[in-house]
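Worksheet: the structure to be examined is printed underneath.
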Amino acid sequence: KNLLDRSNFFCQTCILKVNLHCAACEKKVHKALKKVDGVHSIDLDGKHGRVTVSGNMDPCMLIMALAKAGKKAELLWQHTPEPPMNHHHQH
């Protein structure tokens with residue numbers, strides 16, 4: 062049984078700090094993140110050691126996937142859009 066309820070996650074963007082000192086590291090990181098359920102896009106910035114990931118996923122799963130691949134990652138920034146609010150006016 063899946064322990065994570067996917068309905069709790071909205072399409073979000075996360076920026077991770079990862080040591081990317083060569084093309085092989087970038088390839089390894091990209092491959093590890095692609096395997097995480099819900100990942101839509103991955104943007105690697107080797108110069109600044111940052112990876113931007115967008116999708117419907119849990120940021121902890123990204124960090125765990127990178128740890129399994131032997132890469133230490135740190136969450137720098139996360140943006141989860143607010144769900145649309147229902148505006149009910151009571152009179």
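All letters in the sequence shown, in the order written, are residues 62 to 152 by our numbering. All C-beta atoms in this analysis are idealised placements derived from N, C-alpha and C, irrespective of residue type, glycine included.
Query raised in the report: Closest to G131 by CA distance: which of H101, D119, K92 is it?
Result: Minimum Cα distance to G131 is reached at K92.
From the DSSP output, read off the bridge partner residues of V97.
V97 is bridged by DSSP to nothing; it lacks a bridge partner.
> Considering only the beta carbon of each residue, do E87 and G110 sit closer than 7 Å?
Replying inline: It is not a contact, given that the beta carbons lie outside the stated cut-off.
I76 to L123, Cα distance in whole Å?
Rounded to whole angstroms, the separation of the alpha carbons of L123 and I76 is 10 Å.
task: Using the Cα positions of V79 and D104, report the straight-line distance between them to the nearest angstrom.
output: Whole-angstrom Cα-Cα distance: 12 Å.
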